[in-house]
Structures are given as C-alpha cells and as structure tokens.
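Residue numbers (our numbering), protein chains in the order written: chain A, 2 to 85; chain B, 2 to 85; chain C, 837 to 1428; chain D, 654 to 888.
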Amino acid sequence: MARVEVVVVIKSEILDPQGKAILGALGRTGHPGFAQVRQGKHFDLEVDDSVTDAELEEIASTLLANPVIEEWQIRRLPDAAPSA
Amino acid sequence: MARVEVVVVIKSEILDPQGKAILGALGRTGHPGFAQVRQGKHFDLEVDDSVTDAELEEIASTLLANPVIEEWQIRRLPDAAPSA
Amino acid sequence: MVQPYRELGLKDDEYVAIREILGRRPTDAELAMYSVMWSEHCSYKSSKVHLAYFGKTTTPEMRSKMLAGIGENAGVVDIGDGWAVTFKVESHNHPSYVEPYQGAATGVGGIVRDILAMGARPVAVMDQLRFGPADAADTARVVPGIVSGVGGYGNSLGLPNIGGEVFFDASFAGNPLVNAGCIGVLRSADMHTAHASGAGNKVILYGSRTGLDGIGGVSVLASDTFSDDGNAGAGSNSRRKLPSVQVGDPFAEKVLIECTLEIFAANLVVGIQDLGGAGLSCATSELAAAGDGGMHIWLDQVPLRATGMSPAEILSSESQERMCAVVTPDKVEAFLQVCKKWEVQADVIGEVTDTQRLIITFNDEVVVDVPPRTVAHDGPVYNRPIQRPEFQDALQANTPDSLKRPETLEELRDTVFAMISSPNLCSRAWVTDQYDRYVRGNTVLAQPSDSGLIRVSDDSHLGVSMATDCNSRFTMLDPYHGAQLALAEAYRNVVTGGATPKAVTDCLNFGSPEDPGVMWQLSEAIHGLADGCAVLGIPVTGGNVSLYNQTGGTAILPSPVIGVLGVIDDVRRRTITGIGQEAGETLILLGE
Amino acid sequence: MSSAVAGARIGVITFPGTLDDVDAARAVRFTGAEAVALWHADDDLQGVDAVIVPGGFSYGDYLRAGAISAHATVMRAVIDAAAKGLPVLGICNGFQILTEAGLLPGVVMRNSGLKFKCRDQWLRVENTDTVWTSRYQAGSEILVPLKNAEGRYVAHADTLAELEGEGRVLFRYIGESPRQGNPNGSLNDIAGICSADGRIAALMPHPEHAIDPLTGPTDDGLGMFFSIIDSLLKV
Ligand SMILES: Nc1ncnc2c1ncn2[C@@H]1O[C@H](COP(=O)(O)OP(=O)(O)O)[C@@H](O)[C@H]1O
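Below, the structure is given as structure tokens:
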C-alpha cells in the first residue's frame, strides 16, 4: 500500500468564486493581511503498490479533476502518518 | 508576501460521501488498486509578511475548517511558483 | 501583415466591409469587437430575413398588450392591474457540451440577467434539455453535469424551477441542447430598456471583475500581437490558449439581482444592459447604438481579475455576473452607495457623448473608434440558399402503418410498460428533485403540472403561467407543422393549468445555416410558428436562434422550442394536473 | 388579529445570498405578527422578540454552508441575545449557520447522496414542549418541503446521546424510503434539534413553505410560527 496525495486547483485564469468569498470574509472579520485565496481540492488516496504513475495520472485527469478548468499535482507520500 | 497552504480533511471517523463515491467510480471503471479515497480541501493563501503563525492558526480553526468534523495542516511555502 | 480575421470567424467579404466602414485597417480591439458582434449568435445574420416574417404576421391587435417586443433583451407584456411580465428562452448548447456543469449554470445566469435588464424581478426559471441516447457513454458525462449545473445555479439564485423538458435522441449525442428560460415581473411603469442617452451621462460597469475566462477565440490576437510588437500590454508572450469556458458564481448573481432591483427602485438608471456573450463589446456597442449620441469608454477603468489583459481581451471577456448601466451624473454617488451596500464592485468606465462614435481608449490611446450601429445592428445579412431536402419525401412516406400493433392483452401490456419506462416518457423526478420549486413562496404549479404557474405578488391573486414544448421528431418530418404542433402543445398546457395564453417566445435550435436543407427547416418552422400565432391571436415577443448545432456534418433534429405565456386573474382557480385525486372523478376526453 | 399579536415582532435576517427570507417574513405576517428585516452587517436587532435565520445559500454556501455567515456582525448580536434567552430559529441554511456559530451542537454536512434534493417530506414532531413547537400535538406528523444539498446532520456519539436523552431532537424524518424516510444520511434521522431550554431551534426542512396549500404541500408549517407567538404573548 502506498499513500498518494492529489491536489486539484482551478486554473489561475478561471474565476474561483469560493476563494473570492473567503477573501471577503477575511477582510470583514479583521484580517487585512490576506491578498488572495484560492480554494482547491485535496485527495488522499490509499493505493496498491501495483498502481503506476501513469494510472494515477489517468484517474487524476479523468475523475479527480476536470481538465477544462482545473489543474492537478500528484505526490506519492512517504508511507507514514496521515496528512493531518 | 508569503504563500501559505492549508489542507483541511474530514476526520477519519466521519463519513466522507464524496470520497466514497470516487472510490466506487474507480472500482467501476477498472481501477481495482485503490483501497481508500478521502476528499479534503486545499487553500492557497497569499499573505502579507506581517501575518503570524498564530493568526494563520486562528483563521484555519475558525473559518477554513470546522473543528467538530475536520482537521487541518498549515504549511508556509517557499515563495516560488504556484502549486500546479 | 494579414490580420487573423478568419481565425476570428470573419469571412473575407465581412473583413472587407469592416475596412470600408472604418476607411482603414481595424485595430485588434475593433477586429475582436466586430468579429463577435457579427457572429451568427450575436447578429442573426442568417435568420434575420426569416424572422422578419413575425413582424408581418403580427397585427396591431396582437401587439396591443406588448410593451417591448423583438429587438429588446426580452419581450414585455402588460398583464393588467399595473403589472407586466417579461420572459425569454435562451440557448447555451455548445458551452454545455464542452463543460456540462458550468455551461448549463452560466446559461441560467445569462437568461436571468436578460430578464433583470428589463427592470423586472426574475421570479422563475425553466430548462429544456435534449441529450444523446440515454445509454450512450458520453451522455453519462453530459447529463448529470448539465442537470446539476441548472440546479446548482438556479437553486443558489433563489429562483423556483417551474418546468421544462428532457428528451433523448441520437442526433444530440455530440451536441446536447441546453435551453434555459426565465420569467420576470415588474410594474408596467417601471420598464427599462438598454439605451445610452443624454450626453454627459456616466457609464457604470458593476458586478464581478473582468477576467480571462470565456475569451477563447480572441487568444489568436494576443499571440499575433506579440510577434508584431512586444508591448501591446497583453501579459506574457507564452500565454497559453485561453479556455473558452466561463465559470459561474451564482452567489454573485443573486447579490447582483438584489443590488440592481434596489437601483431600479430608487430610480437611479437611464438605461441598463446585461453582459452576456460578447461581454463589453456587446454591451457598449448596443447601449451606444440604442442611444442618441456616442459613447466614450476608458478601458483602463475596467476592474480586472487578471494582470496584463489586452484591450481586445477586456472587450471580449465573457466573465459572468456583470451589468452595465447609464446613470445621470447627479445619481452616480447614490448608485455607487447601493453597490457598496451589497459589496458589489462598481466603476465609472465611460460617458455618453454626442460624437455619434463609440470611442474606446486604453492608457490614453484610442483602441476603438467606430459608428456603434455598424457593430451592433448593421452587421451582415445573408439570404442563404434554401432547399427542401431530397430525403424529406422518403421520410414522410415512412409511416407508422408498417409497424406491428399490439394484438393481445399481453402485447398491449408490454407496449405500455416499454413506453412508460422509456427514457423519453418515464418520470422526470430524477431531474425535478434536484431543482428547488418552492423558493420565494409564490409557486402555484410546477412539476408534475403541464405548465408552471407563479403568483405575481403576495398582495395580488394575479398569476403568470408558462409552458414550453417541442417535438423534435415531428419537426423533422414536417418543420412547418412541427413548430405549430409545439405552439399548440404549449398553448394547451397553459390552458390546462387554468391560464389564458397571451404571448409567445421561441428558442430555435437548428443545424448549420450553410446547409440549404437546414435553412429550409428554419424558414418553414418560422413560417409555421408565425402563421400559428396569427390564428391564435397571440404575438411572438422575442426569441433566440441557435444555429450550427451539429456533429460533424450531421445536424440535430430541428428543435424549435416554443414557450407560451399565460395569465390567470386568480391563482386560486388554477387546475391541478392529474387524474385520480379523488375517488369518483369523471374522465372526459375533449377534442377529436 | 389581537393587538397583542400585532405587537409581537420577529426579526428575519438577510445575508448576501439568503433566499427564503421573503418566505419566513410572509409566514410571520401570516400569524399577525410583525416581521422585522435584519441586515447581516448591522449589530442592532431592533428590539425584536425572536429571530429567524432563514434558508438560502448565504455566501453561496462556499467553503462550508453557513461558515462565512456565522462570522457576520449580526450573528454576534444574535449570539449575545440568545445567551439571554432570545428565541432563535434556524431553517435550512439557518440551521447550518447556527451550528457553525456554535449556538447548536454538531454540524450539517453534504447529503450522503451528494445531490441537491427537493421533495415534500414527512416529519415527526418529537418534542412539543418548546417555544417553537408548542402548537403541535405530541407525536404529530407533518408534511413540509425539504430542499438542500447539505442537510446531513452529524455529531459526536456523546453529543447525539445527550440530544436524544434530553429530548432535544425536535423533528425526525419518517416514512418509507426512497420517496420518504431519511433523505440525506442524517444521524438518527434527525431533521431538527434545539437547545437545552428549547429556545434555540433549527431544522433542515422548510415550515415557512408550508403555510398555504396553494403554494406548498400543506399548511403544517404554520404551527411553528403560531407556537412562538403563543410563547411571546404568555410573557
Ligand atoms: N428539464 C426540466 N426542468 C424542469 N422541469 C422539467 C424538466 N423536464 C420535465 N420537467 C417537468 O416534469 C413534468 C413532467 O414532464 P414531461 O414528462 O415532459 O411531461 P409531459 O409528458 O406531460 O409533457 C412537467 O411538469 C415538466 O415541466
């Protein structure tokens, strides 16, 4: 078993309404030091050792992310503890 | 300006229907090598250098995550390029 | 150097015409502007000559209750008691194929802004969906995205969904149809139209910031500019091909609606225009063309979401949730205050002038200097060849007489089961369960009714009803009668709910106008619809034409979606759909 | 309408993106009481006798439903007033906001089916001893609209036990699935809960959409609005 993390973010030229709303909330609640917020998705996968990088790339681009508006990054994690 | 990444995941004992749905889809589409999928959130923040770790922790615990169901991790990133 | 006008969709003679109008080579920004505004979608260049038939068949009597008709953002009908209704159906077909969720979502957003721009409060939405075969692989990608996009946007906006259609046919496999309709209500005295009059009046852009989304086609200009001269202000040389999709922000739109209605209520605008397809190119040229003078826009005042956007990109951006208003100078402050209350970005970006020109500057440099009508209204008009297809006779000769009919009880039972379980006839609850039909508390009829019915306001019993219909297969067989059939069905569905039909809108979805057979279908359908309306005595108040719906060389089934608007003076007298509400009911068949 | 009823004033909060404020206000007026519009950016509750946090998609439900609104200026005033006994009702998005603001325990998460669901839903009124439910008879079953994408109530086991033990489960989903029953995977079929004293209450379904059979499935929702008026008149 291996642990893989996939981060999916909205392409930078495309509107991220969630990030925009969070930035607004930070401003209203007295946190002026924030210049930008972008919200993405984070996937924690537990995969069999047989799963190749190519297979990971395929599922990221077809299932986890929408290539039309998002980009992604795949990272194999050291076995150990969960990410949080 | 500094870049900060916050990852928010649902506590492991709480049902994550999105992760479950993705796992189901992986099985159906011929990817038997996946044992678990958990979906979380990923935030990319651009913050003023004046923003302290304590302020980041406060924002994560009061706004970005709901401590009743979620855990989070804050990471300051090396200045450089966007995450994907 | 040759300008990339072909990549922008302009034909050789259209480009020559632009050079003649201007007496010079167009700038990039002008080229971007003309190319979108002269596109089929914005200029109706292939359908205009046929649409004129609606004008010829609409009598003064039919027109008597029409406060605004074809040519405005949406038709407006006086329904009595000081109330008026505006309604329209628009297509968002291609974007919904590329990116189903966002395509459908922004389709809803666009039609709602159209209605809002008339000075009306949007009160209900509808959606007419046509997909490829239910069991085709790509349908599984397209359907859930589109349905949740319509729901996701409409639900967050707080507009009840009061009806629509779902239809499956192989011809839509590579080209699903996503039509979205909206109804708005207003006091008849409060109607607003899109025009920029009064020299010295200010032009205010408000709503979301302008970004690189939905720029798609114009990216050819960016790369072109750079090989030319390095500093045209358009970001990095390596700017990748920009996506042609837009992402909707329904929350921003909800706020925009409330903000705009407050602006209307305080009487702060002269004219107003939504930003839809073609973004600022469309809004500025249409406002100026409908006004009585000219307009000056300072493009550097447009708040941007991306750095280094070129003038052509700013003008072409299809960033959603934006509106453009013309405001007298004494009301600018009050206008900005309302926007501030709703946390809506608002900026004065220009001024009405008496120059008769639309002049747009960017960093003090004139990037557009055109007669606005040449962009917005006097585009090319085509009289395309029309030819009844040769296969039409064979198609019509192929009647159902050759089909085997159920003979035994068993066979009859199987036929009934096969029919009610088929994708085109089965329950639509899988769709309508994802749509909020209750929000705003004025929904009197929605699914499973044949028409939706909305109470106009809390303190009135007046109601407006709407039904939309289209039988694409029948229209394929006979486009003239197919359009009439759709009209008659929608008309009956409105009557069934208890309302009296008053007006008609349409969304004409067809294949390529360059195919004479498709042009024949279009022309027949328009004539059928117009003649049908003349018989029924209700006018077509507006509509939408969507062409080039085809996969490869194969056109979709011709799909003129017809919407009929009705009025009921007391919603408590509505008729509920369905039989068997109570034991002992009598079933009566009307008609032949 | 008695003048005493006319004297009752119930606040209805509007956040950017709130949708069902018009409906909540209409339901309040239906009882003869006055509906007072409260704005998210104000800290003044205008002396109202009770507050309704209505449904909708405040701030687009972005981040987590209710998360951003819970930090609004008006909510600080609501939290203070609630501590002093002001009755507060959260409906749908209002439920999400009250949990995010810490006025009620647990959280409301994405439906287990992941989709937005709109249907007429049967509920059992589990506790008729609160200021928001006193008009219902014990064990009443009511039919009201349900419409949300994030309606799954989740809480820790000990919180759940406490809620159940103290009779703080106010409404429960009932009926046979799939067209009835638990629509979203809520723990213990919970549709609504309340505070220990019953004055702070919330539910996912929409009583304000069930005040007139012309525009809703029933008028079963009216009981909640008459209940609060009763309690205000008793004082
Ligand atoms: N895409 C849709 N959006 C909203 N409502 C829809 C949609 N499709 C169907 N409906 C509604 O579902 C009900 C049943 O639809 P349909 O089966 O097409 O009815 P009919 O066969 O009577 O025309 C109608 O009330 C219709 O308005």
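For every residue, glycine included, the Cβ atom is placed at its ideal position computed from N, Cα and C.
* Asked: Which residue from D:Q699, D:S711, D:A863 and D:L672 puts its Cα closest to that of D:I663?
  -> D:Q699
- Message: Just to confirm my understanding: we take C:S992, look at its own chain, exclude 5 residues before and 5 after, and list those with CB closer than 7 Å. What are they?
- Response: P1086, F1087 and K1090
Verify the contact flag: C:L993, CB atom, against every heavy atom of ligand 1, threshold strictly below 7 Å. no
(Q) Taking a contact to mean a Cβ-Cβ separation below 8 Å, would you say C:M873 touches C:L1151 in this structure? (A) no
*Does any CB atom of chain D fall closer than 8 Å to the CB of B:I15?*
yes
Simplified DSSP assignment, three categories, for A:P18 = helix
Please return the same chain residues whose Cβ sits closer than 8 Å to the Cβ of C:V934, not counting the five positions on each side in sequence.
S1080 and V1081
Q: Please check the pair D:A863 and D:V797, which I expect to be a contact at CB under 8 Å, by giving their CB distance rounded to whole angstroms.
A: 4 Å
Give the residues from the region 1246-1271 of chain C that approach chain D closer than 8 Å (Cβ to any Cβ), ordered along the chain.
T1268, D1269, Q1270 and Y1271
Neighbour list for A:I70 in chain C, Cβ cutoff strictly below 8 Å:
E935, Q938, P1079, V1081 and V1083
- request: Taking C:A940 and C:V1014 to be in contact with their CB atoms under 8 Å, please state how far apart those CB atoms are, rounded to whole angstroms.
  value: 5 Å
Helix, strand or coil at D:L716 according to DSSP, with G and I counted as helix:
coil
Self-check item: Contact test: C:L1022 Cβ vs ligand 1 heavy atom, cutoff 7 Å
Solution: no
Next item on the list: Kindly provide the ranges of any alpha helix (DSSP H) runs that are 4 or more residues long and lie completely inside the region 973-1051 of chain C, ordered along the chain.
Entry: 973-993
Are the region 1109-1124 of chain C and the region 946-953 of chain C touching, with three or more C-beta to C-beta distances below 8 Å? yes
Q. Where does D:D673 fall in DSSP's three states?
A. coil
Checklist entry - From what residue to what residue does the beta strand (DSSP E) around C:T1341 run? => result T1336 to N1345
Practice task
Determine the DSSP secondary structure at C:T893, reduced to helix, strand or coil.
Solution key: helix
Among the candidates D:L799, D:F683 and D:V665, whose CA atom is the shortest distance from the CA of D:G876? D:F683
In the structure shown, what three-state DSSP assignment does D:S722 receive? helix
Contact list for A:G31 against chain C, beta-carbon separation under 9 Å
Ordered by position in chain C, no residue passes the 9 Å Cβ test against A:G31, which lies about 16 Å from the chain.
When every heavy atom of ligand 1 is checked, does at least one fall within less than 7 Å of the C-beta of C:Q1417? no
For the region 913-927 of chain C against the region 1018-1037 of chain C, are there 3 or more C-beta pairs whose distance is under 8 Å?
yes
Exercise. In the DSSP assignment, find the unbroken beta strand (DSSP E) run with C:C1160 in it and report its ends.
Key: R1158 to V1163
| field | CA nearest to the CA of B:V52, picked from A:G34, A:N67 and A:V52 | value | A:G34
Buried or exposed, going by whether 16 or more other CB atoms sit within 10 Å of the CB of A:P68? exposed
Residues in the region 35-46 of chain B having any Cβ partner in chain A nearer than 8 Å = F35, A36, Q37, V38, R39, Q40, G41, K42, H43, F44, D45 and L46
message: Using a Cβ-Cβ cutoff of less than 6 Å, which residues in the same chain neighbour C:N1278 once the five nearest sequence positions on both sides are dropped?
response: I1290 and R1291
* Of all the CB atoms in chain G, is at least one closer than 8 Å to the CB of B:S51? -> No chain G is present in this structure, whose protein chains are A, B, C and D.
Since B:A61 meets chain D, which of its residues come closer than 7 Å, beta carbon to beta carbon? Going along chain D, no residue has its Cβ under 7 Å from B:A61, so there is no contact; the nearest lies around 12 Å.
Any contact of the region 1031-1049 of chain C with the region 971-988 of chain C, i.e. 3+ C-beta pairs under 8 Å? no
*asked:* Just to make sure I have the definition right: I need the residues of chain C whose C-beta is within less than 7 Å of the C-beta of A:A22. Which are they?
replied: F1087
Does the beta-carbon of C:M932, which I'm using as the reference point, lie nearer than 7 Å to any heavy atom of ligand 1? Going by the sequence as given, residue 932 of chain C is Ser instead of Met. No, the Cβ of C:S932 stays beyond 7 Å of every heavy atom of ligand 1.
Tell me whether C:D1286 counts as near ligand 1, meaning its Cβ is closer than 7 Å to at least one heavy atom of that ligand.
-> yes
For this session: Please find out if some non-hydrogen atom of ligand 1 comes closer than 7 Å to the beta-carbon of C:R1264.
Result: yes
Requested in this report: Would you list the one or two residues that DSSP bridges to D:C847?
Outcome: D:A854
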